[in-house]
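Participant: Pasting in a structure now, in structure tokens, and then I'll have a few things to ask.
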Amino acid sequence: MIDSLTQWAAPYGGALFVAMTALAVVSLAALWHLRPRLSGQQLRRMMRVAALVALAGSWVAMQQGEQYLATALLILLWGILVGITCAREIARRR
């Protein structure tokens, strides 16, 4: 099954795209589950770390070539979604 996914995702970065998609989905699900338990300071720190990871990860993916553009966009989208989720949780608590 992973071979077929990797072949399907070959134009988008292949195995790296599949792995980053899986990591993004799992991390967003974990954040969604843990966000009520995290303090406001931890949520702010998570926003900063997600922004740094997204920036660095997308830069590395773009340096690999045009084939990895979808992977770079996926990493940026992940960072944006983490930031939005954390910001909404912080705003909800006020």
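To convert, take the position in the sequence shown, counting from 1, and add 261; that gives the numbering used here.
From the three backbone atoms N, C-alpha and C, an ideal C-beta is built for every residue, glycine too.
None of these values were measured; they are calculated from a predicted model.
1. For residue 265, which three-state DSSP category applies?
2. How many Å lie between residue 275 and residue 353 at the Cα?
3. Thinking C-beta only, is residue 339 closer than 7 Å to residue 285?
4. Do you know offhand how far residue 318's Cα is from residue 327's?
Facilitator: So, from the data block:
1. helix
2. 39 Å
3. yes
4. 15 Å
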